[in-house]
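Q: Please see the structure below; I have some questions.
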């Protein structure tokens, strides 16, 4: 992959310093660079020389990421409703683009229609009928630990269930970041599995980030200041363990979070789960 521009290198270095200096309190808005495309449904900004973020306007900045190598590119998530998304992406990169999903909720899978095939974790196939009912293309599966070679840029697939059974994070180890969908970093973790799954996933990701010097994760709803840090992943793990061990008491929420009626809000982490199914 070509070298980053001087500005991109500076921004990444600044981000690294900020993570170390501030822990959870990161203001990362400078990491969303110049606007390269904009219409009524989406705005795309450049993150670095070969990476772009698209923000939809329907569900809290639902975010999609265009990740380019020397030979091809992947689009991670598709937003809620973005007409002609394939044509928009083709204006940004000249590389052939493969559609990948972090999970199959409608605010991430709603825009897959123009793509002839889409790759996802088979664990989310149970929610595909409700969220991708009009999709006519081919659904293919990705594998845990799979490495996607884009040509000079390797993206590793790590399954991160918790938000959904098939939630997946895509890691760019060489550039020290990942793309986590709603598994981490979207400010309001909705648990549609159970706390044990979230805890073990957080422990796995905590170790992966330490081992591979991953400095932050771009989430599925990126508002500009909610990158996920290694410390926050650790906090999620510990909070889940404390709830399960009876050391921490959740509070009753308003129930408007996908049926989740219990909540913990602490250390910049908000976890919503069900009293019926989440306490496992």
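Numbering (the working numbering), first residue to last: 60 to 339. Even for Gly, the Cβ is constructed at its ideal location relative to N, Cα and C.
Would you check if the distance between the CB atom of residue 13 and the CB atom of residue 145 is smaller than 8 Å?
A: Absent from the structure is residue 13, since the part of the chain shown begins at 60 and ends at 339.
Q: When the Cα of residue 137 is compared with those of 219, 168, 218, 287, which residue comes out closest?
A: Position 78 of the chain shown, counted from the first residue, corresponds to residue 137. Out of 219, 168, 218, 287, 168 has the C-alpha closest to the C-alpha of residue 137.
Q: Per DSSP, what kind of secondary structure is residue 80 in: helix, strand or coil?
A: Counting from 1 along the chain shown, the entry for residue 80 is found at position 21. In this prediction, residue 80 has a pLDDT of 29, which is less than 50 and means its spatial position is unreliable; nothing more can be read from the coordinates.
Q: Which residue spans inside the stretch 252-312 form an unbroken beta strand (DSSP E) run of at least 3?
A: Runs of the beta strand (DSSP E) inside the stretch 252-312: 275-278.
Q: For the stretch 155-182, which segments carrying the alpha helix (DSSP H) assignment without a break, of at least 4 residues, lie completely within its bounds, in sequence order?
A: Runs of the alpha helix (DSSP H) inside the stretch 155-182: 165-168.
Q: Thinking residue 241 and residue 222 are a contact (beta carbons under 8 Å), I'd like their distance in whole angstroms, please.
A: Residue 241 sits at position 182 when you count from the first residue of the chain shown. Residue 222 sits at position 163 when you count from the first residue of the chain shown. About 4 Å separates the two Cβ atoms, so the contact holds.
Q: Nearest to residue 258 by alpha carbon, out of 291, 150, 165?
A: As a working mapping, residue 258 is identified with position 199 in the chain shown. Looking at the Cα atoms, 291 is the closest of the given residues.
Q: Is the Cβ-Cβ distance between residue 125 and residue 148 less than 8 Å?
A: What you label residue 125 is simply residue 66 of the chain shown in a count that begins at 1. What you label residue 148 is simply residue 89 of the chain shown in a count that begins at 1. In contact: residue 125 and residue 148 (Cβ atoms closer than 8 Å).
Q: Assuming residue 171 and residue 200 form a contact by the criterion Cβ under 8 Å, report the distance between their Cβ atoms to the nearest whole angstrom.
A: Along the chain shown, one-based indexing puts residue 171 at 112. Along the chain shown, one-based indexing puts residue 200 at 141. With a Cβ gap of about 15 Å, residue 171 and residue 200 do not count as contacting.
Q: Here's the rule: buried if 16 or more other CB atoms are within 10 angstroms of the residue's CB, otherwise exposed. What is residue 296?
A: As a first step, residue 296 is located in the chain shown; it is residue number 237 there, counting from the start. By the 10 Å Cβ count, residue 296 comes out buried.
Q: Which residue wins for smallest C-alpha separation from residue 110, given the options 151, 117, 101, 279?
A: Position 51 of the chain shown, counting from 1, holds the residue named residue 110. It is 151 whose Cα lies nearest to the Cα of residue 110.
Q: Considering only the beta carbon of each residue, do residue 239 and residue 278 sit closer than 8 Å?
A: Reading the chain shown from its first residue, position 180 is the one you call residue 239. Reading the chain shown from its first residue, position 219 is the one you call residue 278. Cβ distance < 8 Å, so residue 239 and residue 278 count as in contact.
Q: When the distance is taken between beta carbons, is residue 328 closer than 8 Å to residue 302?
A: Here residue 302 is taken as the residue at index 243 of the chain shown, counted from 1. Here residue 328 is taken as the residue at index 269 of the chain shown, counted from 1. No, the Cβ-Cβ distance between residue 302 and residue 328 is not below 8 Å.
Q: Looking only at C-alpha atoms, which of 320, 260, 129 sits nearest to residue 210?
A: For this step, residue 210 is matched to residue 151 along the chain shown. Ranking 320, 260, 129 by Cα distance to residue 210 puts 129 first.
Q: For residue 268, which residues from the same chain have a beta carbon less than 7 Å from its beta carbon, with the 5 sequence-adjacent residues on both sides left out?
A: Your numbering for residue 268 matches position 209 in the chain shown. So the list reads 289, 292, once near-sequence residues are dropped.
Q: Per DSSP, which residues does residue 140 bridge with? Please list them.
A: By one-based count along the chain shown, residue 140 stands at place 81. DSSP, once it has assigned bridges, lists no residue as partnering residue 140.
Q: Only counting the same chain, and skipping five residues up and downstream in sequence, which positions put a Cβ closer than 8 Å to that of residue 317?
A: Here the question's residue 317 lines up with position 258 in the chain shown. If we look at residue 317 and ignore the five residues flanking it on each side, its Cβ neighbours are 249, 251, 331.
Q: Rounded to whole angstroms, what's the CA-CA distance from residue 103 to residue 159? Just pull it up for me.
A: As a position in the chain shown, residue 103 is number 44, starting the count at 1. As a position in the chain shown, residue 159 is number 100, starting the count at 1. Residue 103 and residue 159: Cα-Cα distance of roughly 17 Å.
Q: Helix, strand or coil: how does DSSP classify residue 250 here?
A: Mapped onto the chain shown, residue 250 falls at position 191. In this structure, residue 250 counts as coil in the three-state DSSP scheme.
Q: Taking the alpha-carbon positions, what's the residue 225 to residue 243 distance?
A: In the chain shown, residue 225 corresponds to position 166, counting from 1. In the chain shown, residue 243 corresponds to position 184, counting from 1. So the two alpha carbons sit approximately 14 Å from each other.
Q: Grouping DSSP H, G and I as helix and E and B as strand, with all else coil, what is residue 86?
A: Taking the chain shown and counting its residues from 1, one reaches residue 86 at position 27. Annotation note: pLDDT 42 at residue 86 (below 50); position unreliable, no value reported.
Q: Would you mind reading off the limits of the beta strand (DSSP E) that contains residue 95?
A: Position 36 of the chain shown, counted from the start, is the residue given in the question as residue 95. That run of the beta strand (DSSP E) goes 94-97.
Q: Excluding five sequence neighbours on each side, which residues of the same chain lie with their C-beta closer than 6 Å to the C-beta of residue 310?
A: Numbered from 1 along the chain shown, position 251 holds the residue referred to as residue 310. Contacts found: 322.
Q: Tell me the residue span of the beta strand (DSSP E) that contains residue 350.
A: For the chain, the structure presents residues 60 to 339; residue 350 sits outside this window and is missing.
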